[in-house]
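Residue numbers (full-length UniProt numbering), protein chains in the order written: chain S, 1 to 206; chain C, 1 to 206. No residue lacks a Cβ here, since even glycine has one placed at the ideal position from N, Cα and C.
Number of protein chains: 2
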Amino acid sequence: MADTTVSKVSDTPRTSVGRDGVLNVAARLFREQGYGAVSLRKIAEAAGIKASSIYYHFGSKDEIVAAVLDAGIEAVHESMRQAIAVLPTDTGAEAALRAAIGAHLRALLEVSDYSSANVRIFGQVPQSVRDANLPTRRAYEAEWDALLSRLQKNGALQRDVDIRRLRLMLIGALNATLEWFDPDRGSAEALSRTYADVFLNGILER
Amino acid sequence: MADTTVSKVSDTPRTSVGRDGVLNVAARLFREQGYGAVSLRKIAEAAGIKASSIYYHFGSKDEIVAAVLDAGIEAVHESMRQAIAVLPTDTGAEAALRAAIGAHLRALLEVSDYSSANVRIFGQVPQSVRDANLPTRRAYEAEWDALLSRLQKNGALQRDVDIRRLRLMLIGALNATLEWFDPDRGSAEALSRTYADVFLNGILER
DNA sequence: GTCTATAGTTCGATAGAC
DNA sequence: GTCTATCGAACTATAGAC
Chain S
1 MADTTVSKVS DTPRTSVGRD GVLNVAARLF REQGYGAVSL RKIAEAAGIK
51 ASSIYYHFGS KDEIVAAVLD AGIEAVHESM RQAIAVLPTD TGAEAALRAA
101 IGAHLRALLE VSDYSSANVR IFGQVPQSVR DANLPTRRAY EAEWDALLSR
151 LQKNGALQRD VDIRRLRLML IGALNATLEW FDPDRGSAEA LSRTYADVFL
201 NGILER
Chain C
1 MADTTVSKVS DTPRTSVGRD GVLNVAARLF REQGYGAVSL RKIAEAAGIK
51 ASSIYYHFGS KDEIVAAVLD AGIEAVHESM RQAIAVLPTD TGAEAALRAA
101 IGAHLRALLE VSDYSSANVR IFGQVPQSVR DANLPTRRAY EAEWDALLSR
151 LQKNGALQRD VDIRRLRLML IGALNATLEW FDPDRGSAEA LSRTYADVFL
201 NGILER
């Protein structure tokens, strides 16, 4: 078995997890266990250092969780932006919405511990930390509202639906999958298709 | 101003909140602040007693939160059962599903601190507490699956949708409203109508 | 950049008086 | 049924050596 973690030849410390290493571990633990259940000692242990060493990289626990929350929205936002950007210019309303739903769900369920941690712990962190994350969230929400408004102007969406409410319903429904999604029961890709089908056409036989 | 809390004439303690009083306060605080942020001292203070007095009524914090979780499912289950029971026997599939959606949303947003606390903190409590709540949850889920299966057999629902997945999507979407519902922006009743419209018929113009 | 040691706080829980 | 008093554990955060 070849060793995958190559040791430096110099005298630099063997284990230098660094700020990003701490952050990656924190995001994963927050996603798995929630905010209150994850102490600095747990993060440190999982990162292979001592709790006090974390204070070299961050000034407080709040600073860590704030960084995780912001990175989580950035990741899902970038995922959606990318999915929309690669569409041909003549892409229809249905396809655009399907792409956005797929991007959000993939970021949450497959790609980013940061995005899933954000959804999982946002309601558990101190008010001040929530407030700090709000500007980043607003930007992502604006992206959705812009997409939905475009579809509505094109006549694809019903004229009387409230865009803000529709966005809250849609993102809320997608985020809820975190509580029960099981890759053994079907892929995130298949799930995103089902969500798009239901939201676009409903479940009634016609 | 007339005094609304009448003092007993006998020598019984003026303040006897009792087990139910502690439980009511606990449910409200859990709903508002989450599991980790609510200590026994906070519950006691809000109930007007000392933290140690709680141990006369409950053996541990886990016992309190377990009681809150079970009562929360019982409340929303009873709300849904009642809403279905009062329907005329010739009620159509659409109306039955609308009634169930309305009952779930009302229990969550208007009626029960226990039900909203359950949704809010289930993912935050220790595994053992979650496990203890599972049988009660399974019974409620079975009620939904029975309703959805009936609609599918009647031909009202599409034949190819997976009942379990549909139930998870539906309840997940409804539960997510807890994070953003604001009574100043519209009633729970109106919101439940919107959810039924979207799930039954989708959002596309037709 | 990580360590040891520890200060200071808050927590769940128990013992025993009334 | 509620109180006072307290224990032991776990937490965030700081100080200072290497």
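>> For C:Arg-120, tell me which candidate among S:Arg-130, S:Ser-60, S:Ile-49 and S:Glu-179 has the shortest Cα-Cα distance.
In response: Stepping through the second sequence from its first residue, residue 120 of chain C is reached at position 120. C:Arg-120 has its Cα closest to that of S:Glu-179, out of S:Arg-130, S:Ser-60, S:Ile-49 and S:Glu-179.
> Curious, which full-length alpha helix (DSSP H) runs of at least 4 residues does the region 39 to 90 of chain C contain?
Replying inline: 40 to 47, 54 to 57 and 61 to 85
> If you count every other CB in all the chains shown that lies within 10 Å of the CB of C:Ser-112, and 16 or more means buried, which is it?
Replying inline: Translated into the one-based positions of the second sequence, residue 112 of chain C becomes position 112. With at least 16 other beta carbons inside 10 angstroms of its own, C:Ser-112 counts as buried.
>> For S:Phe-199, which residues in the same chain have their Cβ closer than 7 Å to its Cβ, ignoring the five residues on either side in sequence?
In response: The count along the first sequence starts at 1 and reaches residue 199 of chain S at position 199. Excluding residues within five positions, the ones whose Cβ falls inside 7 Å are Leu-170.
> Considering only the beta carbon of each residue, do S:Ala-176 and C:Ala-173 sit closer than 8 Å?
Replying inline: Position 176 of the first sequence, counted from the first residue, corresponds to residue 176 of chain S. Position 173 of the second sequence, counted from the first residue, corresponds to residue 173 of chain C. Against a cut-off of 8 Å, the Cβ pair of C:Ala-173 and S:Ala-176 comes out as a contact.
> Leaving out five residues before and five after C:Gln-124 in sequence, what residues of the same chain have Cβ atoms less than 8 Å from its Cβ?
Replying inline: For this step, residue 124 of chain C is matched to residue 124 along the second sequence. Setting aside the 5 residues that flank it on each side, C:Gln-124 is surrounded in the same chain by Gly-34, Tyr-35 and Gly-36, each with a C-beta closer than 8 Å to its C-beta; the list follows chain order.
> Which value, in whole angstroms, describes the spacing of the CA atoms of C:Thr-136 and C:Gln-127?
Replying inline: The residue you call residue 136 of chain C lines up with position 136 of the second sequence. The residue you call residue 127 of chain C lines up with position 127 of the second sequence. Taking the Cα positions, C:Thr-136 is about 15 Å away from C:Gln-127.
> Shorter than 8 Å from the beta carbon of S:Glu-205 to some beta carbon of chain C?
Replying inline: As a working mapping, residue 205 of chain S is identified with position 205 in the first sequence. By this cut-off, S:Glu-205 is an interface position.
> If we count the other Cβ atoms within 10 Å of its Cβ and call it buried at 16 or more, is C:Val-38 buried or exposed?
Replying inline: Taking the first residue of the second sequence as 1, we reach residue 38 of chain C at position 38. With 16 or more other Cβ atoms within 10 Å, it is buried.
> Which chain C residues sit within Cβ distance under 8 Å of S:Gly-36?
Replying inline: Taking the first sequence and counting its residues from 1, one reaches residue 36 of chain S at position 36. Going along chain C in sequence order, the residues near S:Gly-36 (Cβ under 8 Å) are Gly-34, Tyr-35, Gly-36, Ala-37 and Gln-124.
>> Taking CB distances under 8 Å as the criterion, tell me whether S:Gly-172 reaches chain C.
In response: Residue mapping note: residue 172 of chain S aligns to position 172 of the first sequence, counting from 1. Taking 8 Å as the CB threshold, S:Gly-172 lines the interface with chain C.
> What number of angstroms, rounded off, separates the C-alpha of C:Ser-52 from the C-alpha of C:Leu-69?
Replying inline: Working through the second sequence from its first residue, we reach residue 52 of chain C at position 52. Working through the second sequence from its first residue, we reach residue 69 of chain C at position 69. Answer to the nearest angstrom: the Cα atoms are 22 Å apart.
> To which residues of the same chain is S:Val-129 closer than 8 Å at the C-beta, ignoring the five residues directly before and after it?
Replying inline: The count along the first sequence starts at 1 and reaches residue 129 of chain S at position 129. Listed in chain order, the non-local C-beta contacts of S:Val-129 below 8 Å within the same chain comprise Asp-62, Val-65, Ala-66 and Leu-69, local neighbours out to five positions each way being set aside.
> Between S:Leu-151 and the rest of its own chain, which residues show a CB-CB distance below 8 Å, the 5 nearest in sequence each way excluded?
Replying inline: Position 151 of the first sequence, counted from the start, is the residue given in the question as residue 151 of chain S. Once the five neighbours on either side are set aside, the close Cβ partners of S:Leu-151 are Ala-93, Ala-96, Leu-97 and Leu-157.
> Using a beta-carbon distance cut-off of less than 7 Å, what residues from the region 62 to 95 of chain S approach chain C?
Replying inline: Taking 7 Å as the Cβ-Cβ cut-off, the region 62 to 95 of chain S has no residue approaching chain C.
> Does the separation of the CB atoms of C:Leu-109 and C:Ala-99 fall below 8 Å?
Replying inline: Taking the first residue of the second sequence as 1, we reach residue 109 of chain C at position 109. Taking the first residue of the second sequence as 1, we reach residue 99 of chain C at position 99. Contact: no.
> Applying the criterion that 16 or more other CB atoms from any shown protein chain within 10 Å of the CB defines a buried residue, is C:Ala-146 buried or exposed?
Replying inline: The sequence position of residue 146 of chain C within the second sequence is 146, counting from 1. It counts as exposed.
> Which chain C residues are close to S:Thr-177, counting only those with a beta carbon under 9 Å from its beta carbon?
Replying inline: Here the question's residue 177 of chain S lines up with position 177 in the first sequence. What S:Thr-177 touches in chain C, judged by beta-carbon distance under 9 Å, is Leu-168, Met-169 and Gly-172, going in chain order.
>> Taking its Cβ as the centre, do 16 or more other Cβ atoms sit within 10 Å of residue 224 of chain S, making it buried, or is it exposed?
In response: With chain S represented from 1 up to 206, any question about residue 224 of chain S goes unanswered, as that position is not in the structure.
>> If the criterion is Cβ atoms closer than 8 Å, does the pair C:Leu-40 and C:Ile-54 meet it?
In response: Here residue 40 of chain C is taken as the residue at index 40 of the second sequence, counted from 1. Here residue 54 of chain C is taken as the residue at index 54 of the second sequence, counted from 1. In contact: C:Leu-40 and C:Ile-54 (Cβ atoms closer than 8 Å).
>> Please identify the residue among S:Arg-31, S:Ala-196, S:Arg-159 and S:Asp-184 whose C-alpha is closest to the C-alpha of C:Glu-205.
In response: Here residue 205 of chain C refers to the residue found at position 205 of the second sequence. Checking every option, the nearest Cα to that of C:Glu-205 belongs to S:Arg-159.
>> Using a Cβ-Cβ cutoff of less than 7 Å, which residues in the same chain neighbour C:Leu-29 once the five nearest sequence positions on both sides are dropped?
In response: Walking along the second sequence from the start, residue 29 of chain C turns up at place 29. The answer, listed in chain order, is Val-38, Lys-42, Ile-43 and Ala-46.
>> Does any residue of chain C have a CB that is nearer than 8 Å to the CB of S:Thr-194?
In response: For the purposes of this step, residue 194 of chain S is identified with residue 194 of the first sequence, where counting begins at 1. Cβ-Cβ to chain C under 8 Å: yes for S:Thr-194.
> Pick from S:Ala-85, S:Arg-31, S:Ala-27 and S:Asp-197: whose alpha carbon is nearest that of C:Val-161?
Replying inline: Your numbering for residue 161 of chain C matches position 161 in the second sequence. For the residues S:Ala-85, S:Arg-31, S:Ala-27 and S:Asp-197, the minimum Cα distance to C:Val-161 belongs to S:Asp-197.
> Buried or exposed: S:Lys-59, going by 16 or more other Cβ atoms within 10 Å of its Cβ?
Replying inline: Residue 59 of chain S sits at position 59 when you count from the first residue of the first sequence. In the sequence as displayed, the identity of residue 59 of chain S is Gly instead of Lys. Result: exposed.
> S:Asn-201 versus chain C: which residues are under 7 Å apart at the beta carbon?
Replying inline: Start at 1 with the first residue of the first sequence, and residue 201 of chain S comes out as number 201. The contacting residues are Gly-202 and Leu-204.
>> Measuring alpha carbon to alpha carbon, tell me which residue in C:Gly-21, C:Asn-133, C:Ile-73 and C:Asp-90 is nearest C:Tyr-56.
In response: Reading the second sequence from its first residue, position 56 is the one you call residue 56 of chain C. When only C-alpha atoms are compared, the closest one is C:Gly-21.
> Among the residues of its own chain, which have a CB less than 6 Å from the CB of C:Val-25, if the five just before and after it don't count?
Replying inline: Along the second sequence, read from residue 1 onward, the residue named residue 25 of chain C stands at position 25. So the qualifying residues of the chain are Ile-43, Ala-46 and Ala-47.
> Which partner residues of C:Leu-204 appear in the DSSP bridge assignment?
Replying inline: One-based indexing of the second sequence puts residue 204 of chain C at position 204. C:Leu-204 pairs with S:Leu-157.
>> Short of 7 Å Cβ to Cβ, which residues in the region 126 to 151 of chain C face chain S?
In response: Those residues of the region 126 to 151 of chain C that come within reach of chain S (Cβ to Cβ, closer than 7 Å) do not exist; the list is empty.
> Under 8 Å between the Cβ atoms of S:Gly-72 and S:Ser-192?
Replying inline: One-based indexing of the first sequence puts residue 72 of chain S at position 72. One-based indexing of the first sequence puts residue 192 of chain S at position 192. Result no, Cβ atoms of S:Gly-72 and S:Ser-192 do not sit closer than 8 Å.
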